Amino acid sequence: MKSINIQIPSLADNIRIIESFIDNAKEKFKLNDDIYGNIMISVTESVNNAIKHGNRNEKAKNVSISLMLDDSQLKFRVADEGNGFDYHNLPDPTAPENIEKPGGRGIFLMKHLADEVVFSHNGSVVELTFYID
């Protein structure tokens, strides 16, 4: 299994680094455009959540991103240094009372775009799996 790891300080501007990281993965692993788009949205969304909600925008705290590849799947692991959150009880962003709210769609998007989404460590780690064959 191939693995690539990077770490970024918790600054919103560092999302650009993640976008480049995903662009490089697209080239290196010859990903098709559909999977690439799903990965780009899901992974940047999870890193954004890690920066904003997990690490509370504290630039002294880092977000770690790992990419693991085996024959049929690409797995991204995003970890922050926060306390986590209750990922079992999330409001439904499609419910009428939540439609107008500006936030709350990130995890919903991740779950729809990735083939698997698994939270661990109280929610401070998320693994996004994409089947690539």
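Residue numbers (my numbering): 199 to 331.
Glycine included, C-beta positions come from ideal geometry on N, C-alpha and C.
Note that the coordinates shown come from a computational prediction; the quantities given were computed from them, not determined experimentally.
Item to check | Residues sharing a beta bridge with N203, DSSP | outcome: Within the DSSP bridge table, the entry for N203 names S264 as partners.
Checklist entry - Name the DSSP beta bridge partners of L326, please? => result The beta-bridge partner set that DSSP reports for L326 consists of F274, V315.
Next on the checklist: With distance defined between alpha-carbon atoms, name the residue in K299, H319, F227 nearest to N281.
Outcome noted: Taking only the C-alpha atoms, the option nearest N281 is H319.
Checklist entry - How long is the line joining the alpha carbons of E279 and E295, rounded to whole angstroms? => result About 31 Å.
Item to check | Where Y234 falls: helix, strand or coil (DSSP) | outcome: Three-state DSSP puts Y234 in a helix.
Checklist entry - Quick one, which of S262, L326, N287 has its alpha-carbon nearest L209's? => result Nearest option by C-alpha distance: S262.
Checklist entry - Excluding five sequence neighbours on each side, which residues of the same chain lie with their C-beta closer than 7 Å to the C-beta of Y329? => result Apart from sequence neighbours up to five positions away, the residues of its chain that approach Y329 with a beta-carbon distance below 7 Å are S270, Q271, D313, ordered along the chain.
Checklist entry - If you run the structure through DSSP and keep just helix, strand and coil, what is K309? => result Looking at K309 - three-state DSSP - the assignment turns out to be helix.
Checklist entry - Can you tell me whether R275 is buried or exposed, with buried defined as 16 or more other CB within 10 angstroms of its CB? => result Buried.
Checklist entry - Excluding the five sequence neighbours on either side, which residues of its own chain have a C-beta within less than 6 Å of the C-beta of V324, listed in chain order? => result Correct list, in chain order: S244, V276, F317.
Next on the checklist: Does the region 207–226 come into contact with the region 234–251, if we say contact requires no fewer than three beta-carbon pairs (one atom in each stretch) closer than 8 Å?
Outcome noted: They touch, by the three-pair rule.
Checklist entry - By a C-beta neighbour count over all protein chains shown, 10 Å radius and 16 as the cutoff for buried, is G235 buried or exposed? => result Burial state of G235 is exposed, judged by a 10 Å Cβ sphere holding fewer than 16 other Cβ atoms.
Checklist entry - DSSP three-state call for A293: helix, strand or coil? => result DSSP places A293 in coil when its eight states are reduced to three.
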